[in-house]
Each structure stands twice: as structure tokens, then as C-alpha cells.
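So the structure is just underneath, and the comments pick up after that.
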Amino acid sequence: MKRTRFVSSFLSVMLAAAMLGGCGGQATNSSGGETAAGGDNAGSGASGEIHAKIGVVSFLSGSGAAYGEAQKAGLELALEELNAANQGKLKIELIFEDSGGKKESAINAVNKLINQDNVVAIIGPTLSSEMFAAAPVANEAETPIFGISTTAEGINDIGEYVFRNSLPESIAIPTAMKKAVEKLNIKSAAFMYAANDDFSVSGFETMKKTAEELGLENKGELTFAIGDVDFSAQLTKIKQLNPDALLISGLYKEGSMIVQKARELGIQSTIIGGNGFNNPQVFAIAGEAAEGLIVATPFSPERQDEKVQAFVKAFEAKYGKQPDQFAAQAYDALYIMSQSLLKAGEADRNKLRDALAELKDFNGVSGKLSFDENRNPIGEAVVVVAKGGKYVPFE
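Read in order, the letters of the sequence shown correspond to residues 16 to 410 in our numbering.
In C-alpha cells form, the structure reads like this:
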């Protein structure tokens, strides 16, 4: 595989190495290992055990922190299990950075993890908008970066070091819409989406395209912004339009408030949400108004599968609550990283990248997963409906 390095990047690395050598510090190599004063490669211990530092950029504070908290929980559970199971072969260290859902913070975090912490790979960031901003940094540095919740179209077009196991909206949304139309005889739809968020815009575009393909009458398209708290004007218009379905693309906080307000105003339309609704906070915010909300997800804790139920049991024992999609995809991501590192044979960024690209039929709690030629996940979505304060299969 042909890889191109920029002269400026090469000079920067050489300069940094010279500065470290002049100060008597530790020299680092481009593959994620460290060369200590004694010459031992920290990527592989004396016993042959691989030591791998993996960075995590997550939305841990602010309005979308529930996403990041779920991801952190899933990763930490997987870390405990993997370090126990791989003892003597592979030891993983996770280094967490909080982006707060902000593009600039995500860029800074990725730079720090690559250049200061010398990680072999990065998991995250949480939002698609963050990934569009930060992934080019990792790609230029030839460091694998792995999205676990980035579902917008075009993520993997950033470069050959960009991966994700988060099912694209182009698969999940049509699956939910087709099933809802089929079961509920939906003939018309109106749309609401966050116009200042890449993920939400991408989801809306998929919703609109799918509605056209299904022959639904488009009754209107209304926007809001991440951070808004009053949606009365948009929903009053939606009520007048009286669509069979209201499709919402946004993050859980604003999305849940829209659902709550819609029901307060007496809107009876079936509500179909994008991937942002796959979080328990929807029920905490919207309460009973969430009843009947339809979404698609690659993971359901209700799925009667041995691997899924073992994960749910372990997660509940550790955290006292059920895992959601974001925890499950994070959990699977670290298992994929572990499997690929063992295949690579060392904590080397380029070898890890190649091992990840060859992933086929990984059987995780989010289902069976392979990567296509563009490193996008090949998988299936499950359609669920909100019932009694949780999501259950939409049958």
C-alpha cells in the first residue's frame, strides 16, 4: 500500500527528536512504541507482551455528556476483561481526553495523544462534526482513528487511517423508516433537524432521500440549533401541517425536548428519530412523551443472544444500569483493537492499520461486523420502539 508523507511532517518529527535527544529525554518512534534509555522497545515487554497505549477522545462534559459517559463505561469494562484474558500477550492502557463536544477541543486532544502520549491509535471522538475536524490530523500522522458513534456520511473519505464500527445513518434510518411505513401506513412526513451540526444535517438528508424513495408527501422541513430550548414555533407549524410522521435528526437533549413539546401541543404524528436518540437520557428528559418513538440501532439489550446477555449482565453488575448502543459499540471497538493488535504482533501504527482493514466477521455485542473497502462497517440495524421507559424490538 502506498503511503505519502508530507515533508513538513517529516521535518517536524526530526526536529522534535533532535530536541528530545539534546535534552536527554526519551526518544519516540512513529509506530506508537517508545525507545527508553536502555534501548528496550516499550511496545513489547521482555516477556514478549505487547504494551499498547490507546487514546480516547470523548464527549465527557456538557450537554451531550451522556454519550461520552456510556462510551467510557463500555471501554473500561472491555479493558478489564481484555487485560485479564490477554495477560502475558497484550496489555492495553487507555488515555482519556474530554472534548466537550467541541471541534477545537477534539483537534487539540488528538494532537496531544499522538505527539505527547505517543498512542498507537485513537478511539473517538464522539460527534461526527468532531471527527471531520480531528480525523485529518490523525490521518496525516498515520495513526488509526476509530469512530464508535460517528454516523454521518463521508467520515471514511477523510483517509485510509479512519475507521468506524458505528453503523452509518444511511443504513439505520432507512431501516427504521421502511418498517414504520410498512406497519403504520404512513403517507406523509415533516422533518426537523439541527442545522448547525454535521451529524444532524447528514441524518436529515438521509431521511429526506428515504422519504422520497418511499413516496411520502413532504409536508415541511424545519430547523433548530444545538443548544436551543424552545421549539414552540416549529412545532406549532408542524401541528398545522399534520403529517403522519415527524422525523427528527439531532442529539438526545434537543431531540428529547422536541418530543416532549410535540406531545404537549397535542401532535399525534408517529415520531421517528435518528441515531442521536439511542440513549437512556431520552426517557429521563421526555418521560412518557417518548412512548412510541421509533429508532434503529445496531444494539439492543433485549436481544436474546448469549454474547449480548453476558455483556448486559457484566455491565449491570459494574454500573448498576443497562448498557446502551454507545456503550456497546465502545466495548466492541476495544475488542476489535485488541484482536488487531495481536494480529499485528506489536504496537505499530501502520501494522495496526493494516490489521484493522482486514477485519472480517467480528462477532460483537453489536452484531457481526466486517469492514468494506472504505473501512465502513457492514452490519444490520434493529428497529426498536420506546415502550414503558425503554426501547424494545418493534414487531
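Ideal Cβ placement from N, Cα and C applies to all residues, glycine included. None of the values given here were measured: they were computed from a predicted structure.
Cutoff 8 Å; reference glutamate 410; Cβ partners in own chain excluding five residues on either side: For the purposes of this step, residue 410 is identified with residue 395 of the sequence shown, where counting begins at 1. Taking glutamate 410 as the centre and dropping the five residues before and after it, the same chain places no C-beta closer than 8 Å to its C-beta.
Length of the line joining the Cα atoms of proline 159 and alanine 345: Within the sequence shown, the letter at position 144 stands for residue 159. Within the sequence shown, the letter at position 330 stands for residue 345. About 15 Å.
Serine 1 - containing beta strand (DSSP E), residue span: There is simply no residue 1 to check, as the chain begins at 16 and stops at 410 in what is shown.
Segment contact flag, the region 205 to 219 with the region 234 to 244, C-beta cutoff 8 Å, min 3 pairs: yes
Own chain residues within Cβ distance below 6 Å of phenylalanine 386, not counting five before or after: If you number the sequence shown from 1, residue 386 lands on position 371. Correct list, in chain order: Leu374.
Reduced DSSP secondary structure (H/G/I, E/B, other) of glycine 36: Translated into the one-based positions of the sequence shown, residue 36 becomes position 21. Low confidence applies here, because glycine 36 scores a pLDDT of 38, under 50, leaving its location unreliable; read the following figure in that light. In this structure, glycine 36 counts as helix in the three-state DSSP scheme.
For leucine 256 and alanine 348, the rounded distance between their alpha carbons: The residue you call residue 348 lines up with position 333 of the sequence shown. The residue you call residue 256 lines up with position 241 of the sequence shown. The alpha-carbon atoms of alanine 348 and leucine 256 are separated by roughly 43 Å.
Alpha-carbon spacing of methionine 299 relative to isoleucine 201, whole angstroms: For the purposes of this step, residue 299 is taken as the residue at position 284 of the sequence shown. For the purposes of this step, residue 201 is taken as the residue at position 186 of the sequence shown. Looking at the sequence shown, residue 299 is not methionine but alanine. Each residue's Cα considered, the two are about 28 Å apart.
Where the alpha helix (DSSP H) through proline 189 begins and ends: Along the sequence shown, read from residue 1 onward, the residue named residue 189 stands at position 174. That run of the alpha helix (DSSP H) goes 184 to 199.
Residues that DSSP places opposite methionine 207 in a beta bridge: Within the sequence shown, the letter at position 192 stands for residue 207. Answer is Leu237 and Ile263, bridged to methionine 207.
CB of alanine 67 within 8 Å of CB of alanine 362, strictly: Working through the sequence shown from its first residue, we reach residue 67 at position 52. Working through the sequence shown from its first residue, we reach residue 362 at position 347. Yes, they are a contact pair.
Sub-8 Å separation of isoleucine 287 and alanine 210 beta-carbons: Translated into the one-based positions of the sequence shown, residue 287 becomes position 272. Translated into the one-based positions of the sequence shown, residue 210 becomes position 195. Not closer than 8 Å, so no.
Rounded Cβ spacing between leucine 90 and leucine 75 (contact assumed at less than 8 Å): Within the sequence shown, numbered from 1, the residue matching residue 90 stands at position 75. Within the sequence shown, numbered from 1, the residue matching residue 75 stands at position 60. The pair is not a contact, with the Cβ atoms about 12 Å apart (cut-off 8 Å).
Contact between the region 330 to 346 and the region 81 to 101 (3+ Cβ pairs under 8 Å): yes
Three-state secondary structure assigned by DSSP to asparagine 391: On the sequence shown, position 376 is the one that residue 391 refers to. Looking at asparagine 391 - three-state DSSP - the assignment turns out to be coil, as it is neither helix nor strand.
Nearest to valine 134 (by Cα), restricted to the options Ser120, Phe111 and Ser143: Within the sequence shown, residue 134 is the residue found at index 119, counting from 1. When each option's Cα is compared against that of valine 134, the closest is Phe111.
Rounded separation between asparagine 130 and glutamate 157 - CA only: Looking up residue 130 in the sequence shown gives position 115. Looking up residue 157 in the sequence shown gives position 142. Their backbone Cα atoms lie some 12 Å apart in a straight line.
Proximal residues to methionine 272 (C-beta, below 7 Å), its chain only, five neighbours per side dropped: Residue numbering aside, residue 272 sits at position 257 when the sequence shown is read from its first letter. Non-local C-beta neighbours of methionine 272 in its own chain, meaning closer than 7 Å and more than five positions away in sequence, comprise Val244, Phe246 and Ile300, ordered along the chain.
Contact under 8 Å by Cβ, tyrosine 267 with alanine 81: The sequence position of residue 267 within the sequence shown is 252, counting from 1. The sequence position of residue 81 within the sequence shown is 66, counting from 1. Contact: yes.
Residues of its chain near methionine 16, where Cβ-Cβ distance is below 6 Å and the 5 sequence neighbours each way are ignored: For this step, residue 16 is matched to residue 1 along the sequence shown. Low confidence applies to methionine 16: its pLDDT is 44, below 50, so where it sits in the model is not reliable, and the reading given next is rough at best. Once the five neighbours on either side are set aside, methionine 16 has no close Cβ partner at all.
Beta bridge counterpart(s) of methionine 232 as assigned by DSSP: Within the sequence shown, residue 232 is the residue found at index 217, counting from 1. Reading off the sequence shown, one finds glutamate at residue 232, where the question assumed methionine. Bridge partners of glutamate 232: Ser203.
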